[in-house]
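Asker:
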Amino acid sequence: FTGIEELKPGNFAVIKNGIVKSKAYWTFSFPEESSESGLSEKKNADLLRNHLIDASKLRFTRSDVSVGAYLSGGIDSSITSSIVTKYTKAPLKTFSIRFTDSEFDEGQYQKEMVKRLDADHRDVEVSNRDIGDVFPEVIWHAERPILRTAPAPLFLLSRLVRESGYKVVVTGEGADEIMAGYDIFREAKVRLFLARNPTSAKRSKILMKLYPWMERSPGKAPAFADAFFSKGLYPLDPALSHRPRWNTTSSLKHILDPDFRRETEKVDVTEAFLSKLPGAFNGWDALCKAQWLEMVTLLPGYILSAQGDRMLMANSVEGRFPFLDCNLVEFSNQLPPRHKLLALNEKHLLKIAFNDMIPESILKRPKQPYRAPDAASFFPEQDIDWVYDATRPSRLAHASVFNPKAVSRLIAKCRQVQGHKMSNTDNMRIVAILSTMLVYHHYIEQDGSGGKNQRPAQPMKVIDKTI
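Below is the structure:
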């Protein structure tokens with residue numbers, strides 16, 4: 345990868361006399377905190393509806409091949425699919441992921457929407473072992489280390505799309521970013537309130553509202569609250585919303601090879617990034633700051649790339665994203681923050697704008713972010729050959745990225761419980777180790793010439809009709 349750089353989103357490049365210059369042709373911003381839109385909630389809901397209908401119709405109808413739709417069971421894909429059935433004459437073909445592990449499965453809501461839409465539906469059922477078996481091929485296409493296995497089921501889903509004769513699908517990516525759907529936005533709102541009101545009596549009530557499960561787990565609640573609220577609570581911190589995530593990710597350094605770790609610590613990448621924030625950043629509302637950080641970090645490099653386009657194009661499928669229509673993004677960015685996140689109710693305006701199209705059970709269901717089993721995918725009773733090989737101490741020592749002793753301890757811990765009930769940090773560490781070692785194998789040991797290192801094809805359970 346020496347000498348190869350990615351062209352940033354919204355940029356074009358001019359190459360002249362061997363010199364490459366890139367320039368932004370589109371970017372996004374937010375209004376000053378004090379200059380909110382004066383439009384009513386009802387008017388903004390109507391405008392939002394019109395923008396999304398136009399964006400969805402455009403992406404479904406402007407094609408010389410049939411266009412399908414991903415249907416997760418959440419509000420975003422349910423809305424875009426509903427728009428198609430209501431405003432176009434095209435028959436709707438939908439595709440979904442089902443998980444054998446009920447913790448991750450959203451099949452109940454998918455079935456409800458399929459029945460409501462009268463769609464021609466197919467889904468791929470994904471087990472933990474399916475993820476473990478296909479992961480080397482996933483990393484071949486991702487071309488980078490990742491911290492979650494979520495791209496793997498999407499790779500299997502795009503394979504199903506292609507096998508079904510479709511080359512284009514519309515998905516709901518971008519909705520959580522532009523309409524404040526992620527927990528990180530709700531968490532940031534709570535953290536900001538408590539940073540400004542550190543002795544507030546509402547502390548415990550707000551925390552319980554944000555995380556209802558804590559009420560059923562009083563033993564864990566105090567420790568969680570202390571970790572969540574006592575670190576980095578500075579109201580003027582430009583990264584107040586994202587510090588907890590970044591701190592968690594930075595804990596991966598504890599499993600790095602000592603020499604490699606020293607190299608990574610020569611530059612504080614967080615502060616280097618924050619030093620280049622837009623000049624207007626400090627004048628934005630706290631929610632807008634959090635949205636901007638999310639849209640320039642996780643969205644382009646992971647959501648739309650490693651998890652998105654690369655998993656789609658691995659099977660020659662084009663993804664289209666109505667929620668990322670530039671007109672819709674620009675409109676959403678001008679909305680008052682309370683229209684996107686009202687108290688702790690995420691996507692408030694989106695729910696109002698399309699409450700006639702979506703069943704109440706989906707509108708009011710708790711937010712369930714798309715996730716997949718992590719460590720549990722790699723440690724069944726019988727070892728997966730490539731996992732065993734990638735984590736051998738001699739291989740780790742040769743790569744000189746991870747500390748073999750630290751990795752061996754973590755692997756032993758995973759094998760003892762077959763990867764189940766691991767902490768969030770340990771799950772990330774396992775996926776980081778395995779994905780990095782696969783990148784090392786594919787692109788350093790074999791210099792990209794060894795193919796996908798694909799295991800023999802495993803049987804894949806496909807359900808033609810779910811209703």
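For the sequence shown, position 340 (counting from the first letter as 1) is numbered 684 according to this note's numbering, and the numbering increases by one without interruption. Where a beta carbon is used, it is the ideal one built from N, C-alpha and C, also for glycine.
(1) So, is glutamine 452 buried or exposed, given that buried needs 16 or more other C-beta atoms within 10 angstroms?
(2) Compare the C-alpha of lysine 365 against each of Ser660, Gly412, Leu351 and name the closest.
(3) Between the C-alpha atoms of aspartate 612 and alanine 697, what's the straight-line distance to the nearest angstrom?
(4) Of all the alpha helix (DSSP H) runs that stay within the bounds of the region 381-419, which reach a length of 4 or more residues?
(5) Methionine 655: which of Asn671, Phe499, Asn689, Pro588 sits nearest, CA to CA?
(6) Could you please give the first and the last residue of the uninterrupted beta strand (DSSP E) stretch that includes glycine 451?
(7) Considering Cα atoms alone, identify which of Gly418, Ser410, Arg473 is closest to glutamate 704.
(8) Assuming the contact rule is C-beta atoms closer than 8 Å, alanine 720 and histidine 764 should be a hit. Round their C-beta distance to whole Å, please.
(9) Going by DSSP, which residues form a beta bridge with phenylalanine 439?
(10) Taking its Cβ as the centre, do 16 or more other Cβ atoms sit within 10 Å of threonine 346, making it buried, or is it exposed?
(11) Isoleucine 647 bridges to which residues according to DSSP?
(12) Tell me the DSSP bridge mates of alanine 357?
(13) Let's test the definition: count the other Cβ atoms within 10 Å of the Cβ of glycine 516 and tell me whether it reaches 16, buried, or not, exposed.
(14) How is glutamate 376 classed by DSSP in three states: helix, strand or coil?
(15) When the Cβ atoms of the region 454-469 are set against those of the region 673-690, are three or more pairs found closer than 8 Å?
(16) Can you check whether the C-beta of serine 585 is within less than 9 Å of a C-beta belonging to chain D?
(17) Skipping 5 residues on each side, what residues in its chain have a beta carbon closer than 7 Å to that of isoleucine 755?
(18) Give me, in chain order, the residues of the same chain whose beta-carbon lies closer than 7 Å to that of glycine 663; leave out the 5 immediate sequence neighbours on both sides.
(19) Does the structure place the region 526-534 close enough to the region 412-426 that three or more beta carbon pairs sit under 8 Å?
(20) If I'm right that phenylalanine 667 touches isoleucine 522 with Cβ under 8 Å, what's the distance once you round it to whole angstroms?
(21) Between the beta-carbon of isoleucine 777 and the beta-carbon of isoleucine 599, is there less than 9 Å?
(22) Less than 9 Å between the C-beta atoms of leucine 536 and leucine 584, yes or no?
(23) For a minimum of 3 consecutive residues, which ranges assigned as the beta strand (DSSP E) are wholly contained in the region 615-684?
(24) Quick check on threonine 346: does DSSP put it in helix, strand or coil?
(25) Counting C-beta neighbours from all protein chains within 10 Å, is the total for proline 803 16 or more, i.e. buried, or is it exposed?
(26) Is it right to say valine 745 is buried, meaning 16 or more other beta carbons lie within 10 angstroms of its own, or is it exposed?
(27) Between which two residues does the beta strand (DSSP E) carrying valine 512 extend?
(28) Look up phenylalanine 499 in the DSSP assignment and say whether it is helix, strand or coil.
(29) For arginine 442, which option in Asp390, Asn472, Leu693 has the closest C-alpha, if you only look at C-alpha atoms?
(30) When burial is assigned at 16 or more other CB atoms within 10 Å of the CB, is isoleucine 831 buried or exposed?
Answerer: Answer, in terms of the structure:
(1) For the purposes of this step, residue 452 is taken as residue 108 along the sequence shown, with counting starting at 1. Exposed: under 16 other Cβ atoms inside 10 Å.
(2) Sequence index remark: in the sequence shown, residue 365 carries index 21 (1-based). It is Leu351.
(3) Here the question's residue 612 lines up with position 268 in the sequence shown. Here the question's residue 697 lines up with position 353 in the sequence shown. Each residue's Cα considered, the two are about 43 Å apart.
(4) 385-405
(5) Counting from 1 along the sequence shown, the entry for residue 655 is found at position 311. Of Asn671, Phe499, Asn689, Pro588, the residue nearest in Cα terms is Phe499.
(6) By one-based count along the sequence shown, residue 451 stands at place 107. First-last for glycine 451: 451-461, but that is the alpha helix (DSSP H), not the beta strand (DSSP E).
(7) Here the question's residue 704 lines up with position 360 in the sequence shown. Minimum Cα distance to glutamate 704 is reached at Gly418.
(8) Within the sequence shown, numbered from 1, the residue matching residue 720 stands at position 376. Within the sequence shown, numbered from 1, the residue matching residue 764 stands at position 420. Alanine 720 to histidine 764, Cβ: 5 Å. Contact.
(9) Here residue 439 corresponds to residue number 95 of the sequence shown, with the count starting at 1. Beta-bridge pairing links phenylalanine 439 to Tyr414, Arg466.
(10) Taking the sequence shown and counting its residues from 1, the one referred to as residue 346 is at position 2. So threonine 346 ends up on the exposed side.
(11) Looking up residue 647 in the sequence shown gives position 303. In the DSSP output, where bridge partners are listed per residue, isoleucine 647 has none listed.
(12) Against the sequence shown, residue 357 aligns to sequence position 13. Alanine 357 pairs with Ser366.
(13) As a working note, residue 516 is residue 172 in the sequence shown. Buried.
(14) Taking the first residue of the sequence shown as position 1, residue 376 is located at position 32. Residue state, collapsed to three classes: coil.
(15) no
(16) Among the chains in the structure shown there is no chain D, since it carries only a single protein chain.
(17) Counting from one through the sequence shown, the residue named residue 755 turns up at place 411. Within the same chain, isoleucine 755 has close Cβ partners Thr735.
(18) Walking along the sequence shown from the start, residue 663 turns up at place 319. Closer than 7 Å at the Cβ level, and outside the excluded window around glycine 663, lie Val513, Thr515, Gly652, Asp653, Leu656.
(19) no
(20) Start at 1 with the first residue of the sequence shown, and residue 667 comes out as number 323. Start at 1 with the first residue of the sequence shown, and residue 522 comes out as number 178. 6 Å between Cβ atoms; contact.
(21) By 1-based counting over the sequence shown, the position of residue 777 is 433. By 1-based counting over the sequence shown, the position of residue 599 is 255. Closer than 9 Å, so yes.
(22) To locate residue 536, count along the sequence shown from 1; it is residue 192. To locate residue 584, count along the sequence shown from 1; it is residue 240. Result yes, Cβ atoms of leucine 536 and leucine 584 sit closer than 9 Å.
(23) 662-664
(24) In the sequence shown, the residue the question calls residue 346 occupies position 2. Residue state, collapsed to three classes: coil.
(25) The residue you call residue 803 lines up with position 459 of the sequence shown. With a pLDDT of only 44 at proline 803, under 50, the local geometry of the prediction cannot be trusted, and the value read off the model is given with reservation. Exposed, since its Cβ has fewer than 16 Cβ neighbours within 10 Å.
(26) Here residue 745 corresponds to residue number 401 of the sequence shown, with the count starting at 1. Per the 10 Å Cβ criterion, buried.
(27) Walking along the sequence shown from the start, residue 512 turns up at place 168. Per DSSP, valine 512 belongs to the beta strand (DSSP E) from 512-514.
(28) Here residue 499 refers to the residue found at position 155 of the sequence shown. In this structure, phenylalanine 499 counts as helix in the three-state DSSP scheme.
(29) Residue numbering aside, residue 442 sits at position 98 when the sequence shown is read from its first letter. Comparing Cα positions, the closest option is Asn472.
(30) Since the first residue shown for the chain is 345 and the last is 811, residue 831 is missing from the structure and cannot be characterised.
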